[in-house]
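Novice: Attaching a single structure in structure tokens format; questions to follow.
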Amino acid sequence: MGNGTLLCWYHHHTIDSAGWKIRMVNGRPQVRGPLLWDPTQTWRPARTHRANTPSANSPSADPPWRT
Numbered sequence: 036m037g038n039g040t041l042l043c044w045y046h047h048h049t050i051d052s053a054g055w056k057i058r059m060v061n062g063r064p065q066v067r068g069p070l071l072w073d074p075t076q077t078w079r080p081a082r083t084h085r086a087n088t089p090s091a092n093s094p095s096a097d098p099p100w101r102t
């Protein structure tokens with residue numbers, strides 16, 4: 036599965052009904068909030084996704100479970 040991202044139980048069950056959208060761009064998730072939360076409807080990187088953290092971009096960095 037190269038086009039998925041993990042969500043907690045709550046967000047997995049409410050993402051569609053709450054108006055949030057998720058998409059993958061070059062293997063990295065982006066999110067867009069509902070109109071009431073984000074009137075500009077701007078796609079934003081999912082900041083806590085491992086692909087968007089500095090350690091994920093550095094091949095010499097230890098995995099998170101080793102730090």
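Using the working numbering, the first residue of the sequence shown is number 36, and each one after it goes up by one.
From the three backbone atoms N, C-alpha and C, an ideal C-beta is built for every residue, glycine too.
1) Output the distance between the C-alpha atoms of residue 82 and residue 66, rounded to the nearest integer angstrom.
2) Measure the C-alpha to C-alpha separation of residue 61 and residue 43 and round it to an integer number of angstroms.
3) Classify residue 80: buried if its beta carbon has 16 or more other beta carbons within 10 angstroms, exposed otherwise.
4) For the beta strand (DSSP E) holding residue 82, just list the boundary residues, first then last.
5) For residue 64, write down the residues that DSSP places opposite it in a beta bridge.
Specialist: Checking against the coordinates, here is how it stands:
1) In the sequence shown, the residue the question calls residue 82 occupies position 47. In the sequence shown, the residue the question calls residue 66 occupies position 31. Spanning the two alpha carbons is a distance of roughly 10 Å.
2) Mapped onto the sequence shown, residue 61 falls at position 26. Mapped onto the sequence shown, residue 43 falls at position 8. Spanning the two alpha carbons is a distance of roughly 23 Å.
3) Along the sequence shown, read from residue 1 onward, the residue named residue 80 stands at position 45. Per the 10 Å Cβ criterion, exposed.
4) Taking the first residue of the sequence shown as position 1, residue 82 is located at position 47. Residue 82 -> no beta strand (DSSP E), and no H or E assigned at all.
5) Numbered from its first residue, the sequence shown carries residue 64 at position 29. Residue 64 is bridged to 59.
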